[in-house]
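S.K.: Counting from 9, one number per residue, gives the positions in the sequence shown under this note's numbering. For each residue, glycine too, the CB sits at the ideal point set by N, CA and C. Have a look at the structure that comes next, please.
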Amino acid sequence: MDKKFARGTRSNSDQGHDASVLVIGLGRFGGALAATLDELGRDVLAVERDPDLIRDWSGRIPLVEADASNPVALEQVGATDFPIAIVGVGTSLEASVLITGNLVDLGTPLIWAKAISAEHGRILQRIGAHHVVYPEHDAGARVAHLVSGRMLDFIELEDGFTIVKMRPPKETHGFTVGEVDIKAKYGVTVIGVKQPGQPFEYATAQTRIDAGDTLILSGDTVLLEKFAARP
């Protein structure tokens with residue numbers, strides 16, 4: 009096994025921010041995850057059974073060729089050494105379910121799994137996945153918000169609470185946060201203002217807003233959409 013990974017192997021009880029991660033499946037989702045984790049300095053091992061993908065990723069990240077739907081193969085690659093496992097297989101429902109079930113049987117403390125439909129996600133949760141993600145759905149919803157107004161970024165957390173990055177509407181140009189009183193008028197909160205070439209600053213009543221600035225706001229999704237739609 010790659011020496012870089014072997015040096016960082018940790019016990020199953022370690023689920024901290026630097027815990028080792030097993031990524032199963034090197035499609036678009038799994039490949040991007042594994043590469044990003046590796047760039048961040050995390051101990052990551054990818055498992056893939058497609059020889060073409062193995063060739064594509066060989067030398068770029070620590071990886072092994074194995075069929076993770078086989079529980080024996082998972083044990084042989086050392087899956088039990090990983091506190092976190094990510095199942096990036098989504099196109100094959102059978103493989104996704106088998107792999108997730110195998111990880112549950114191995115006692116993996118934290119399992120993230122990709123789903124391509126609500127039904128797929130429910131199955132993964134029922135068999136023991138701790139977190140289910142819907143990359144295509146989430147990306148589509150996010151882009152829909154971005155193309156509908158002046159938003160530059162959109163993160164919906166839960167229960168309708170959202171954080172957005174956006175260009176300021178014309179009515180705010182040249183005024184301070186206190187003068188515009190965005191919270192009272194529109195029901196959303198200005199977290200900060202980013203001026204071009206300047207560091208981020210948390211907003212106060214005295215923070216001035218100019219046309220080239222970027223606003224960071226939080227609040228109800230519907231209210232933020234209304235504010236972002238203003239000219």
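1. Kindly indicate the opening and closing residues of the beta strand (DSSP E) around Glu-73.
2. Could you name the residues of the same chain whose beta carbon sits closer than 6 angstroms to that of Leu-111, not counting the 5 residues immediately before and after it, in chain order?
3. Let me know if Ile-107 comes out buried or exposed under the rule of 16 or more other beta-carbons within 10 Å of its beta-carbon.
4. Work out the CA separation of Thr-44 and Leu-3 for me, nearest whole Å.
5. Give the C-beta separation of Lys-191 and Thr-197 to the nearest angstrom, bearing in mind that I take them to be a contact with Cβ-Cβ under 8 angstroms.
6. Helix, strand or coil for Ala-240? Go by DSSP, reduced to three states.
7. With a Cβ-Cβ cutoff of 9 angstroms, do Glu-179 and Val-172 count as a contact?
8. When burial is assigned at 16 or more other CB atoms within 10 Å of the CB, is Ala-126 buried or exposed?
9. Which partner residues of Thr-197 appear in the DSSP bridge assignment?
10. Rounded to a whole number of angstroms, what is the C-alpha to C-alpha distance between Gly-104 and Val-95?
11. Where Pro-91 and Glu-47 are concerned, what is the direct C-alpha to C-alpha distance, given to the nearest angstrom?
12. In terms of residues, what are the limits of the beta strand (DSSP E) holding Thr-170?
13. Decide yes or no for the touch test of the region 220-235 against the region 194-208: beta carbon pairs closer than 8 angstroms, at least 3 of them.
14. Would Pro-59 and Gly-98 qualify as a contact pair, given that the criterion is a beta-carbon distance under 9 angstroms?
15. Based on Cα-Cα distance, which residue from Val-29, Gly-33, Gly-186, Asp-75 lies nearest to Asp-51?
16. When the Cα atoms are used, what is the spatial distance from Asp-218 to Leu-132?
17. Do you know whose CA, among Leu-165, Phe-162, Gln-203, lies nearest Gly-182's CA?
18. How far does the alpha helix (DSSP H) with Val-105 in it reach, from first residue to last?
19. Can you check DSSP and say which residues form a bridge with Tyr-142?
20. To the nearest angstrom, report how far apart Val-72 and Asp-89 are at their CA atoms.
M.R.: Working from what's here:
1. 71-73
2. Ala-93, Ile-119
3. buried
4. The structure shown does not extend to residue 3, since the chain spans only 9 to 239, so no value can be given for it.
5. 6 angstroms
6. Since the displayed the chain opens at 9 and closes at 239, residue 240 lies outside it and no answer follows.
7. no
8. exposed
9. Ser-226
10. For the sequence presented, residue 104 should be read as Ser rather than Gly. Whole-angstrom Cα-Cα distance: 7 angstroms.
11. 19 angstroms
12. 169-174
13. yes
14. no
15. Val-29
16. 48 angstroms
17. Gln-203
18. 101-114
19. In the DSSP output, where bridge partners are listed per residue, Tyr-142 has none listed.
20. 15 angstroms
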